[in-house]
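Have a look at the structure below, then the notes.
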Amino acid sequence: MRFISLGLFVVLSLSVVIGSQGRPLRAQGVEAGAKAMAADKYDRNAQVWALQRSGFASGWQRGQEIYFMRCWMCHNDYTAIAEPTRGVSLRNLYRQAESPDDRRAVDDRIRRQVRSGSARMPAYSTSAMADNDLEDLVEYLREKCGTFTTGSGCFDEHNPPPNPNYKGN
Numbered sequence: 314m315r316f317i318s319l320g321l322f323v324v325l326s327l328s329v330v331i332g333s334q335g336r337p338l339r340a341q342g343v344e345a346g347a348k349a350m351a352a353d354k355y356d357r358n359a360q361v362w363a364l365q366r367s368g369f370a371s372g373w374q375r376g377q378e379i380y381f382m383r384c385w386m387c388h389n390d391y392t393a394i395a396e397p398t399r400g401v402s403l404r405n406l407y408r409q410a411e412s413p414d415d416r417r418a419v420d421d422r423i424r425r426q427v428r429s430g431s432a433r434m435p436a437y438s439t440s441a442m443a444d445n446d447l448e449d450l451v452e453y454l455r456e457k458c459g460t461f462t463t464g465s466g467c468f469d470e471h472n473p474p475p476n477p478n479y480k481g482n
């Protein structure tokens with residue numbers, strides 16, 4: 314009798330752990346949650362946490378969103394002036410990069426800094442920032458932010474990236 318109840322316990326435990334598709338229920342829940350999050354276009358929190366508020370899938374617009382959500386709080390003109398040890402402004406990052414080789418060198422320096430971090434900056438591993446997100450960020454810094462001195466490319470708190478959820482005029 315003891316062996317039968319032990320066997321029944323093991324079978325029930327395995328069926329709960331494995332689930333109906335041969336994968337752990339935990340993995341099924343993660344996949345189902347990811348599908349549900351992607352399917353609900355009105356879930357604003359999921360959009361913000363996934364850094365998809367702007368609606369752009371890639372390119373400099375996506376890089377602008379990533380910069381706004383991950384970098385701007387330290388790398389803005391006000392912080393650079395008020396707390397110079399906290400973060401530097403990223404305007405003029407490409408100012409002296411005249412040739413394509415110079416721009417690639419600056420791109421590589423940005424990638425290394427983001428991935429490795431420093432004493433005053435957190436490192437963003439591939440689990441914290443995917444490679445394609447890093448490329449979009451570099452494209453934004455190169456194309457729209459890193460060559461302007463007056464804010465015509467970089468946004469500030471008065472001119473954040475567009476929010477497609479805002480319907481006012």
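Read left to right, the sequence shown gives residues 314 to 482 (this note's numbering).
Glycine included, C-beta positions come from ideal geometry on N, C-alpha and C.
Separation of residue j from residue i, as counted between CA atoms
| i | j | result |
| --- | --- | --- |
| G400 | T392 | 7 Å |
| A441 | S412 | 31 Å |
| T439 | S402 | 24 Å |
| R408 | A370 | 28 Å |
| A443 | I317 | 50 Å |
| C387 | R404 | 13 Å |
| Y380 | A410 | 21 Å |
| Y437 | C458 | 20 Å |
| E396 | D390 | 10 Å |
| P435 | R425 | 12 Å |
| V451 | A418 | 12 Å |
| E378 | G430 | 20 Å |
| V427 | L406 | 14 Å |
| R375 | I394 | 27 Å |
Top-ranked residue by Cα proximity to residue i, from the options
| i | options | result |
| --- | --- | --- |
| I423 | A441, Y453 and E378 | Y453 |
| M382 | D446, R433, R455 and S431 | D446 |
| T398 | D415, Q426 and R433 | R433 |
Limits of the alpha helix (DSSP H) - the one that residue i falls within
| i | result |
| --- | --- |
| E452 | D444 to Y453 |
| P413 | P413 to S429 |
| G376 | W373 to I379 |
Check whether residue i and residue j have beta carbons under 8 Å apart
| i | j | result |
| --- | --- | --- |
| D449 | W385 | no |
| P415 | R455 | Looking at the sequence itself, residue 415 is Asp, so the reference to Pro does not match. Contact flag unset, no. |
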